[in-house]
Amino acid sequence: MQDDIIRRAAELREQLHEHIYRYNVLSSPIVSDAEYDRLYNELRELEAEYPELITPDSPTQRAGSDLSEDFAKVRHPGPILSLSNAYSVEDLQAWEERNLKLLPAGTELTYTLEPKLDGLTIVLTYENGLLVQGATRGNGEIGDDVTPNVRTIRAIPLRIPVDKSKGEAPERLVVRGEVMYLKQDFERLNQRQIEQELPTFINARNAASGALKQKDSRVTATRPLTAFIYGIVDSRGLALDKQWDILEFLRDMGFQVAPESAFYPTLSDIIQQIPTWESRRNQLEYEIDGVVIKVNDLGIVRELGVVGKDPRGAVAYKFAAQEASTRLESVSFNVGRTGRVVPNANLQPVFIGGVTVSSATLHNFDFVRNLDIRVGDTVVVKRSGDVIPYVVGPIVEARTGDEQPIHPPERCPFCDTPIMQDEGAVDYYCPNVYCPERVYRQADFFVSRGAMDLDGVGGQTIKLLIEQGIIKDEADLFSVTREQLLELEGFAEKKADNFLAGIEAAKNRPLAQVITALGIDGVGSTIATALANALGSIDAIEAASVEEIDAIEGIGDVLAQNIHDWFADPYHHGVLEKLRAAGVRMQGEARVVAGDQLAGMTFVLTGTLPTLTRDEAAALIEAHGGKVTSSVSKKTSYVLMGDSPGSKADKARQLGVPIIGEDDLRRLVRAAETSQ
Ligand code: IVH
3 MQDDIIRRAA
13 ELREQLHEHI
23 YRYNVLSSPI
33 VSDAEYDRLY
43 NELRELEAEY
53 PELITPDSPT
63 QRAGSDLSED
73 FAKVRHPGPI
83 LSLSNAYSVE
93 DLQAWEERNL
103 KLLPAGTELT
113 YTLEPKLDGL
123 TIVLTYENGL
133 LVQGATRGNG
143 EIGDDVTPNV
153 RTIRAIPLRI
163 PVDKSKGEAP
173 ERLVVRGEVM
183 YLKQDFERLN
193 QRQIEQELPT
203 FINARNAASG
213 ALKQKDSRVT
223 ATRPLTAFIY
233 GIVDSRGLAL
243 DKQWDILEFL
253 RDMGFQVAPE
263 SAFYPTLSDI
273 IQQIPTWESR
283 RNQLEYEIDG
293 VVIKVNDLGI
303 VRELGVVGKD
313 PRGAVAYKFA
323 AQEASTRLES
333 VSFNVGRTGR
343 VVPNANLQPV
353 FIGGVTVSSA
363 TLHNFDFVRN
373 LDIRVGDTVV
383 VKRSGDVIPY
393 VVGPIVEART
403 GDEQPIHPPE
413 RCPFCDTPIM
423 QDEGAVDYYC
433 PNVYCPERVY
443 RQADFFVSRG
453 AMDLDGVGGQ
463 TIKLLIEQGI
473 IKDEADLFSV
483 TREQLLELEG
493 FAEKKADNFL
503 AGIEAAKNRP
513 LAQVITALGI
523 DGVGSTIATA
533 LANALGSIDA
543 IEAASVEEID
553 AIEGIGDVLA
563 QNIHDWFADP
573 YHHGVLEKLR
583 AAGVRMQGEA
593 RVVAGDQLAG
603 MTFVLTGTLP
613 TLTRDEAAAL
623 IEAHGGKVTS
633 SVSKKTSYVL
643 MGDSPGSKAD
653 KARQLGVPII
663 GEDDLRRLVR
673 AAETSQ
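In my numbering, the protein residues as written are 3 to 678.
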């Protein structure tokens, strides 16, 4: 055998020993689970090919143990088993086929489908309804006695049943579940760590493990841990023979059972559910790394038996890992359309959930500072669903001392303008509205779907047009000529015609789309629609006061000010002028107008009207030329008051604004009609 193979096996053994110790004893790993699995599998494959390489202390020769020296030891009443893994539908089908072969012909299997909770196993013993012991899995036979710590977890009942009307607790009950953090509690915990200038936790599972294995239970008590229970290890005075009945019984006793757990009559039903689970994964309150499929009939589970430490009657269908650790090689800076500078991590390429990731966002400089992320760090990177990959944080334990701090750039990497930061603000920005990168990002957004929806105008074309000095902002797209296009690289007649046809069509977009396309911070399509409906044209929005914008449903103070400032900016004014000159429609569609009897009048609504809803009253006012705003000022013509009015009625009295009722409003509309 070659020396390098022997050397590699020794190296892998050594690395794995260190990782196992860090993971299980210190709760502070320096590699991701996926990276660990990669090393472990490499060693296992080497050993399979060259069995003479196997040493008695090889990590492949033992089941994992997480026993620590800090706790008394307890023997579990039965083995705390693990699960074999499946990674594909074929694996699941093969699992069922293998099982059916071991069972009498004609056996039909039904199943439960449960989330595979990403926490750590806990074994809880209740005697006559009282919690008497909480233990970790340990090596599966013997665990650490962490009872005082377990008692601090609110989701774990100290006495069962929690609701006495749900029957009686069995004489003895040993249950098994998972201790973990809910995602939002974990985020809050990290927020608290930042506020107290303490290091943040990178991985929720390891943090939960560290919290449960504290020597001082007062520390555990400060951690917002929770626990989900999914099985019975041992009992006296209880006879349940279905997993689904067990879950219901546990729920009745007052344990927290994952509400998404479900019963299915066949494996095909389960297989159909898997895509739903993959996509709901990111919406769940807790982290899962797969689903667990269990044969429902516990008599059959017993009959099927165990291979090593894995029962045949259950299997874990593992999802692709969403996290990996890798080296942060350098940082570059992106500049967005509003000028915001966003630090971006250039990573040593790493495979996460089916794709190679070599770049991830670092969010903002506060994030970098709070987490003390440095160039050269080993960082944990997460890629979940459609979200762009982001750096979760550094693995501080893996530092060598050569890491370099990350500073915001002094000048914009695209236009060399000095970078600014507003007082008290988190973000740094490039203040140059002509910065080619800002213009590019804004124009690229302007043409995108949901904005101006400009077919035939892509990012590459925009880049070329900016580089050639043909456009200085997105509005200039409307004055690009055929001749200019034909001179661009890669442009032939057809492409130029498509471009020009797209531009022509875009002149007639609905007002809400035009407003969206302007790229005002905080104004997406919903707010743009509200602005378009309430004010009806770009001119009216430009002329509106902050109060008028604020009065629009769904727009708060800060956003109203922001929108107002945007329109007051001379640069934006110039863009709007060009759009107008190019013939872009800047008005809403014609509204239903019943008359102009209320023209020039402003109404504020308060309380419940006798027959009209607020929307109907507002529509009646607007259809007759009036305006509805949300706050009372001296300029308010009338306050329209119904039952249980709010403070707006008091304000009207203070300012001497007339208060009217629904009948008065109808009279105002009618009186004007008859006088015409
Ligand atoms: S059942 C014999 N159900 O996954 C029963 N385990 O990879 C074996 N886990 O050690 C466990 N959610 O810590 C079961 N709904 C669930 C689970 C679950 C998470 C963990 C458990 C186990 C590991 C195996």
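C-beta: ideal position from N, C-alpha, C; glycine also.
- Residue state for I662 is assigned as strand, using DSSP reduced to three classes.
- For L132, the three-state secondary structure derived from DSSP is strand.
- By the 16-neighbour rule on beta-carbons within 10 angstroms, S263 is buried.
- Taking non-hydrogen atoms of the ligand IVH into account, the C-beta of P261 is found less than 7 Å away from none of them.
- Of the candidates T463, T114, D218 and D35, T463 places its Cα closest to the Cα of Q486.
- Separation of I32 and D312 (C-alpha to C-alpha, rounded to the nearest whole angstrom) is 27 Å.
- In this structure, the ligand IVH has a non-hydrogen atom nearer than 7 Å to the beta-carbon of V294.
- Under the three-state reduction of DSSP output, F265 falls in the strand class.
- Annotated three-state conformation of P438 is helix, per DSSP.
- At least one heavy atom of the ligand IVH sits closer than 7 Å to the Cβ of E116.
- Y52 is the residue among H78, Y52, N26 and F335 whose C-alpha sits nearest the C-alpha of D6.
- For S237, the shortest separation between its Cβ and any heavy atom of the ligand IVH does not lie below 7 Å.
- In this chain, Q350 is not harboured by any alpha helix (DSSP H); it is covered by the beta strand (DSSP E) spanning V343 to I354.
- Beyond the five residues adjoining it in sequence on each side, I390 comes within less than 8 Å, by CB distance, of A362 and T363 in the same chain, given in chain order.
- T123 has its CB nearer than 7 Å to a heavy atom of the ligand IVH.
- In the displayed model, A326 falls within a strand according to three-state DSSP.
- According to the DSSP secondary-structure assignment, I290 is paired through a beta bridge with L119.
- The ligand IVH never approaches S361 closely enough for any of its heavy atoms to be under 7 Å from the residue's Cβ.
- A Cβ-Cβ separation of about 7 Å places P61 in contact with Y42 under the 8 Å criterion.
- Annotation for L467: I473 and V482 place their beta carbon closer than 7 Å to its own, counting only its chain and skipping 5 residues before and after.
- Under DSSP, G395 forms a beta bridge with V382.
- Less than 8 Å separates the beta-carbon of L242 from that of F251.
- Residue L479 holds the alpha-carbon nearest to the alpha-carbon of A503 among G142, T380 and L479.
- In this structure, the beta-carbon distance from V441 to V449 does not fall below 8 Å.
- Membership of K496 in the alpha helix (DSSP H) is indicated by the continuous run E495 to A508.
- Excluding five sequence positions before and after T518, the CB atoms of its chain that fall closer than 6 Å to its own CB belong to A453, S527 and A530, given in chain order.
- Apart from sequence neighbours up to five positions away, the residues of its chain that approach I144 with a beta-carbon distance below 6 Å are K75 and R77, ordered along the chain.
- Membership of T613 in any beta strand (DSSP E) is not indicated, and neither H nor E is assigned to it by DSSP.
- Non-local C-beta neighbours of D598 in its own chain, meaning closer than 6 Å and more than five positions away in sequence, comprise G627, ordered along the chain.
- Following the DSSP letters along the chain, one finds T518 inside the alpha helix (DSSP H) bounded by residues L513 to A519.
- Judged by beta-carbon spacing, S539 lies beyond the 8 Å limit of G602, meaning their Cβ atoms are not closer than that value.
- The Cβ-Cβ distance between A514 and A498 does not fall below 8 Å.
- Going by DSSP, R40 is part of the alpha helix (DSSP H) stretching over D35 to E51.
- Here R174 really is in contact with E129; their C-beta atoms are around 6 Å apart, less than 8 Å.
- Its Cα nearest to that of D523, the residue L561 stands out among L561, K509 and A508.
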